[in-house]
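Encoded as structure tokens, the structure appears first; notes follow it.
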Amino acid sequence: MIVLSVDDSAIIRKIIRGAVEVLEGTLLEASDGEEALEIMDKHDGIDLILLDWNMPGMNGWELLNRIKSHPVYKYIPVMMVTTEGERENIVRAIRAGAVHYLVKPFTTEDLQKKILECLGRGDISSN
Numbered sequence: 001m002i003v004l005s006v007d008d009s010a011i012i013r014k015i016i017r018g019a020v021e022v023l024e025g026t027l028l029e030a031s032d033g034e035e036a037l038e039i040m041d042k043h044d045g046i047d048l049i050l051l052d053w054n055m056p057g058m059n060g061w062e063l064l065n066r067i068k069s070h071p072v073y074k075y076i077p078v079m080m081v082t083t084e085g086e087r088e089n090i091v092r093a094i095r096a097g098a099v100h101y102l103v104k105p106f107t108t109e110d111l112q113k114k115i116l117e118c119l120g121r122g123d124i125s126s127n
């Protein structure tokens with residue numbers, strides 16, 4: 001399993017790395033949307049993208065729309081992992097193609113559960 005974490009916080013990326021490694025996955029990291037697109041161009045087989053909403057430059061909303069309008073990337077599941085907890089933004093992200101939404105702060109267990117759900121290895125109905 002290859003996961004791309006797109007977040008401007010190195011601390012959050014480190015927490016995500018720990019969770020992904022426990023699940024025996026590989027984590028790729030980007031600190032903004034432009035860097036994420038560069039990584040996606042270079043790496044085949046990304047299974048999941050964990051995306052922050054608030055980042056400098058290209059924010060998560062803009063990147064989500066770019067991903068979901070791309071002929072290849074649109075098939076990669078995206079989970080928003082962000083402090084944006086407003087219901088309106090959650091609905092907006094899901095409508096734009098995000099498959100899950102996790103509000104910071106979160107526990108490692110919650111993150112791992114949602115990662116597995118996004119990959120079809122968990123029970124999405126038990127949120």
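If you count the sequence shown from 1, position 69 lands on 69 in UniProt numbering, and the numbers rise without skipping. Positions of the beta carbon are idealized from the N, C-alpha and C atoms, including for glycine.
In terms of DSSP beta bridges, what is residue i paired with?
{"i": "Ser5", "result": "Glu29, Leu50"}
{"i": "His100", "result": "Met79"}
Leaving aside the five residues before and after residue i along the sequence, list all residues of the same chain whose C-beta is less than 8 Å from its C-beta, in chain order.
{"i": "Val22", "result": "Thr108, Gln112"}
My output table needs one value for residue i: the three-state DSSP class, helix, strand or coil.
{"i": "Gly120", "result": "coil"}
{"i": "Glu24", "result": "coil"}
{"i": "Thr108", "result": "helix"}
{"i": "Gly45", "result": "coil"}
{"i": "Val72", "result": "coil"}
{"i": "Gly85", "result": "coil"}
{"i": "Asn59", "result": "coil"}
With a CB to CB cut of under 7 Å and the five nearest residues on each side skipped, what residues in its chain are close to residue i?
{"i": "Ala98", "result": "Leu64, Val78, Met79, Met80"}
Going by Cα to Cα distance, which pick from the options is closest to residue i?
{"i": "Asp8", "options": "Ile2, Ile16, Met1", "result": "Ile16"}
{"i": "Leu50", "options": "Arg121, Thr82, Glu38, Phe106", "result": "Thr82"}
{"i": "Lys74", "options": "Gly120, Leu48, Asp52", "result": "Leu48"}
{"i": "Lys114", "options": "His100, Ser69, Ile12", "result": "His100"}
{"i": "Ser69", "options": "Leu37, Gly57, Asp44, Gly85", "result": "Leu37"}
Go through its chain and collect everything with a Cβ distance to residue i's Cβ below 6 Å, but skip five positions before and after it.
{"i": "Glu88", "result": "none"}
{"i": "Ser125", "result": "Confidence at Ser125 is low in this model, with a pLDDT of 45, below 50, so its placement is unreliable and the value that follows should be read with caution. Answer for Ser125: no residue qualifies."}
{"i": "Val20", "result": "Val3, Leu27"}
{"i": "Met1", "result": "Gly25, Asp47"}
My assumption, with CB atoms under 8 Å, is that residue i sits in contact with residue j. Please give the rounded CB distance.
{"i": "Leu27", "j": "Val6", "result": "Wrong, their Cβ atoms sit about 11 Å apart, outside the cutoff."}
{"i": "Gly57", "j": "Asp32", "result": "5 Å"}
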